Amino acid sequence: MKGYVLDLMDQNSNVIYSEPFSKGEKGMKEFLLQRAQSLMQNPNSVSFKGVRPASFRVRKI
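In this text, residue positions in the sequence shown follow the working numbering: the first is 1, and each later residue adds one.
Rendered as structure tokens:
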């Protein structure tokens with residue numbers, strides 16, 4: 001699969017949540033940034049094992 005993975009990390013840079021996205025759309029970078037900001041602001045929308053996200057990264061796969 002080619003695409004991107006959005007990782008949310010805790011304060012120690014441990015990945016606490018990952019979400020894969022398939023490659024293709026033209027505005028993918030903007031979409032990934034919006035999705036990351038949405039998850040950072042609303043951590044209850046997905047399971048974070050009781051840990052609040054401190055940062056995020058986008059990886060190309």
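The C-beta atom is built at its ideal place from N, Cα and C for all residues, glycine as well. Given the structure is predicted, the values throughout are model-derived calculations rather than measurements.
For residue j and residue i, the rounded distance between their alpha carbons
i     : j     : result
Asn12 : Met40 : 16 angstroms
Lys26 : Tyr4  : 13 angstroms
Ala36 : Leu6  : 7 angstroms
Lys23 : Leu33 : 15 angstroms
Best match in the options for proximity to residue i [C-alpha to C-alpha]
i     : options             : result
Pro53 : Val5, Ile16, Leu6   : Ile16
Asp10 : Ser55, Ile61, Met28 : Ser55
Arg57 : Lys29, Ser22, Lys23 : Lys29
Local Cβ density within 10 Å of residue i, reported as buried at 16 or more and exposed below that
i    : result
Leu8 : buried
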